[in-house]
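Colleague:
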Amino acid sequence: MTPMQRVAMGLVLVLLDASFNGWDLLADPLGWALVLAGVLPVTELLGGRVALTAVLAFVTSLVVYPPAVVEALDPAVAWALSLPHLAFVVLLCLALAERLADFARRFRVVAVVMVVVGLAPVLVLGADLLVLAGALAFVAVVTQCYLVYLLFRVHRLVPGPGMAEPAVEG
4 MTPMQRVAMG LVLVLLDASF NGWDLLADPL GWALVLAGVL PVTELLGGRV
54 ALTAVLAFVT SLVVYPPAVV EALDPAVAWA LSLPHLAFVV LLCLALAERL
104 ADFARRFRVV AVVMVVVGLA PVLVLGADLL VLAGALAFVA VVTQCYLVYL
154 LFRVHRLVPG PGMAEPAVEG
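Using my numbering, read the sequence shown as starting at 4 and increasing by one per residue.
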């Protein structure tokens with residue numbers, strides 16, 4: 004499995020929820036561990052900020068994993084705790100856009116959409132526009148599903164341990 008395939012599968016685990024008695028059987032910390040397994044070997048290529056935000060997202064996911072913690076969170080605090088996830092996605096997309104010219108526009112669009120969706124809760128919570136929360140969540144999930152698709156699409160173009168230099172893009 005290539006590094007970007009690990010990142011993609013980790014994000015799938017983060018996005019999916021399979022609850023049983025309040026516990027997520029597809030625990031986000033497992034997803035972030037898989038993301039780290041993909042990002043750390045290519046830190047030199049992607050940059051240290053991508054790896055750092057992945058570590059922060061992993062730690063945050065450990066803190067908020069227990070159902071009692073999730074239930075007790077104020078919506079504003081829950082949003083703040085989602086920022087490492089948002090930062091990781093944005094920085095990963097920007098790093099890949101820099102590296103992969105043929106896919107640069109796609110990764111930049113994902114980054115911009117995630118910034119807008121990630122910062123919109125400030126307005127939604129601040130202006131009490133909770134009716135928009137569902138639409139924002141939908142856009143965030145669809146955008147991240149597209150990111151997973153893109154990561155699988157480009158996985159051979161991002162060299163990792165034991166891989167040859169990337170093939171010709173396209």
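Using N, Cα and C, we set each Cβ at its ideal position, and we do this for glycine too.
Predicted model only: the values in this text are computed from it and were never measured.
Look at R108 and C96 and say whether their C-beta atoms are less than 8 Å apart.
Modeller: Stepping through the sequence shown from its first residue, residue 108 is reached at position 105. Stepping through the sequence shown from its first residue, residue 96 is reached at position 93. No. Outside cutoff.
Colleague: Which same chain residues end up closer than 6 Å to L29 when comparing Cβ atoms and leaving out the 5 residues on each side of it in sequence?
Modeller: Position 26 of the sequence shown holds residue 29. Result list for L29: L16, L19 and A21, in chain order.
Colleague: Based on DSSP bridge pairs, tell me the residues matched to D27.
Modeller: To locate residue 27, count along the sequence shown from 1; it is residue 24. Bridge partners of D27: S22.
Colleague: For a minimum of 4 consecutive residues, which ranges assigned as the alpha helix (DSSP H) are wholly contained in the region 32-62?
Modeller: Fully enclosed alpha helix (DSSP H) runs of 4 or longer: 46-49.
Colleague: Suppose the cutoff is 6 Å on Cβ atoms and the five residues either side in sequence are ignored; what does the same chain contact list for A60 look like?
Modeller: Here residue 60 is taken as the residue at index 57 of the sequence shown, counted from 1. The answer, listed in chain order, is W35, P87, H88 and F91.
Colleague: Would you give the residue range spanned by the alpha helix (DSSP H) that M4 belongs to?
Modeller: The residue given as residue 4 occupies position 1 in the sequence shown. Run containing M4: none; DSSP gives neither H nor E here.
Colleague: Buried or exposed for P124, please, with buried defined as at least 16 other CB atoms from any protein chain shown within 10 angstroms of its CB.
Modeller: Locating residue 124 in the sequence shown gives position 121, counting from the first residue. Buried, because 16 or more other Cβ atoms sit within 10 Å of the Cβ of P124.
Colleague: On the premise that V118 lies in contact with V93, defined as a C-beta separation below 8 Å, what is that separation, rounded to the nearest angstrom?
Modeller: In the sequence shown, the residue the question calls residue 93 occupies position 90. In the sequence shown, the residue the question calls residue 118 occupies position 115. Right, their Cβ atoms sit about 6 Å apart.
Colleague: Can you look up G181 in the DSSP assignment and give me helix, strand or coil?
Modeller: Since the first and last residues shown for the chain are 4 and 173, residue 181 lies out of range.
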